[in-house]
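First comes the structure, then the notes that go with it.
As structure tokens, then:
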């Protein structure tokens, strides 16, 4: 990936106004989570050709990830002025409504994007993500598989395995499919930390394979120390084992190194589970200071305030209910995927 970025940087120096080069460079920067750089590169691309629609949905997704609501709203309006029949316009609008927390409208716009271009993989991918946020893992799974068949990507496989895990947590046992898919992902993307995060997440569903799950997640962190999903998955494992203090320590250490909204929100939820409500309140507010419109932090804060007033006696918990898989025969070979 770094070689590809350097190649595009070299092209950029020679052809600073080449639209194709700028768009591809921005897409690579998003893949590496270099959102500010991608934003700058996409801005340059629009200066070269302000009527171009190619990759503009990716630009919109970049702005969504940056929580840049005003810029995203402006981009959506500009795209619809250019074309209201392009999938990119409708998908950009879906990203904007997701950022607002309006998942129903986001889903409707995803469906419209698919109507305009049925083979547009990013639209199916985001449709799955929105469905997961709406706690609808079954149709989400279908959307992710459709995206994957159109364009095989680690993002689509992440959605597929997350859907399997969510189904498992509500009593729908798709462990065998989840495990087989996770094995395939490790084979296809052996140099990606996310592959081992997914593998570890599936192993963690089975209490007998928690140790192997930890090995997979530690391997992911060794490959990419700043990988949030790996740290979050390890924290979830500690919560499942009843080690809330261990989960808190791990998340606090991450928050000190990388103060991000998602880290503080996760930390607040774990403090809530440990009934340390004052600390939870502090971290929810820290998350909202970074992103005042964070849906997850706002919802968590609202529930926490109810808990503190005694209005909601259910404990905050993001842990999964463990169900013994019907067929565990494939899991015994997990160790072969964890060797150095």
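In the UniProt record's numbering, the protein residues as written are 1 to 340. Cβ coordinates follow ideal geometry from the N, Cα and C atoms, glycine included.
Assigned exposure category for residue 300 - 16 Cβ within 10 Å defines buried
Buried, since its Cβ has 16 or more Cβ neighbours within 10 Å.
Could you check whether residue 19 and residue 41 sit closer than 8 Å to each other, using their CB atoms as the reference points? With respect to residue 19, residue 41 sits apart: the two C-beta atoms are not nearer than 8 Å.
Residue 32: which of 209, 226, 122, 178 sits nearest, CA to CA?
Per the Cα distances, 226.
### Candidates 146, 114, 104, of which the one nearest residue 131 by Cα
If we check each option's Cα against that of residue 131, 104 comes out closest.
Q: Specify the secondary structure class of residue 223 as computed by DSSP and reduced to three states.
A: DSSP, read as helix, strand or coil, puts residue 223 in helix.
Q. Which same chain residues, not among the five before or five after residue 217, have their C-beta less than 6 Å away from its C-beta?
A. The residues 200, 230, 233, 234, in chain order, have a CB closer than 6 Å to that of residue 217 in the same chain once the five nearest residues on each side in sequence are set aside.
Let's test the definition: count the other Cβ atoms within 10 Å of the Cβ of residue 77 and tell me whether it reaches 16, buried, or not, exposed. Result: exposed.
Please give the ranges of any beta strand (DSSP E) in the segment 194-266, keeping only runs that are unbroken, at least 3 residues long and fully inside the region. Counting whole runs of 3 or more residues, the segment 194-266 contains no beta strand (DSSP E) stretch at all.
**Prompt:** Start and end of the alpha helix (DSSP H) containing residue 289?
**Reply:** For residue 289, the enclosing alpha helix (DSSP H) begins and ends at 277-290.
Task: CB-CB length for residue 58 against residue 30, believed under 8 Å - done: With a beta-carbon spacing of about 6 Å, residue 58 and residue 30 fall inside the 8 Å limit used to define contacts.
When you compare the segment 263-273 with the segment 282-298, are there three or more beta-carbon pairs, one atom per stretch, that lie closer than 8 Å? They touch, by the three-pair rule.
- If you draw a straight line from the C-alpha of residue 46 to the C-alpha of residue 92, how long is it? Approximately 15 Å, taken between the alpha carbons.
Buried or exposed for residue 81, please, with buried defined as at least 16 other CB atoms from any protein chain shown within 10 angstroms of its CB.
Exposed, by the Cβ-count rule.
Taking the alpha-carbon of residue 94 as reference, which of 196, 215, 123, 66 has the nearest alpha-carbon?
If we check each option's Cα against that of residue 94, 123 comes out closest.
Going by Cα to Cα distance, which pick from 290, 305, 252 is closest to residue 278? Residue 305 is the option with its Cα nearest to residue 278.
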